[in-house]
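Here the structure is laid out as structure tokens; the discussion comes afterwards.
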Amino acid sequence: MPPVTRWFVRSALVWFLLALAIGVLLAGGGAATIPGTSLLLPYPTYLHLVTVGWLTNLIFGVAFWMFPRDTAEHPRGSDRLAWLAYAGLNAGLMLRLVGEPVAWSGNGTGTLLLLSAALQLLGGWAFVLNTWPRVKGK
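Using the numbering used here, you'd call the opening residue of the sequence shown number 1 and step up by one each time.
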């Protein structure tokens, strides 16, 4: 299993555990707050942790590992693009985890959310550019 795949899968598992913990707090009627602050974690943050953190990381990692080989020299495409996809996706998600509660509290301008979305978009594009040539017929 390539190193970037291991990072994607392990990160997916960490995001999954964090999402489950926040989900329990939200379902129990308790306030899911960021420790040391009074900022609430809104439901969309929980959804992003599940869909982007857990599912998307897992899908990207397994796809990088299991999709058909591209060329003999670069069977999995570009390692740089794979790492860029990993970094953009996860850095954007971390920023969202901080930026969304700040934006919802009315204390922020949403700049962190915009940067978060831009990083996730960059990660998505890097994944598509790296994976596209590997999607081919027999």
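A virtual CB, placed ideally from N, CA and C, is assigned to each residue, including glycine.
Burial state of residue i, where buried means 16 or more other Cβ atoms lie within 10 Å
| i | result |
| --- | --- |
| residue 10 | exposed |
| residue 28 | exposed |
| residue 71 | exposed |
| residue 92 | buried |
| residue 51 | exposed |
Cβ-Cβ distance between residue i and residue j below 8 Å
| i | j | result |
| --- | --- | --- |
| residue 16 | residue 54 | yes |
| residue 99 | residue 119 | no |
| residue 4 | residue 83 | yes |
| residue 85 | residue 123 | yes |
| residue 115 | residue 97 | no |
| residue 43 | residue 26 | yes |
| residue 22 | residue 41 | yes |
CB-CB length for residue i against residue j, believed under 8 Å
| i | j | result |
| --- | --- | --- |
| residue 131 | residue 63 | 6 Å |
| residue 67 | residue 134 | 4 Å |
| residue 49 | residue 12 | So it is not a contact: roughly 11 Å between Cβ atoms. |
| residue 2 | residue 69 | At roughly 12 Å, the Cβ-Cβ gap does not stay under 8 Å, so residue 2 and residue 69 are not in contact. |
Counting only runs that start and end within the region 49-109, where is the alpha helix (DSSP H) found for 4 or more residues in a row?
Taking only runs of at least 4 residues, the alpha helix (DSSP H) segments lying wholly in the region 49-109 are 57-66 and 79-105.
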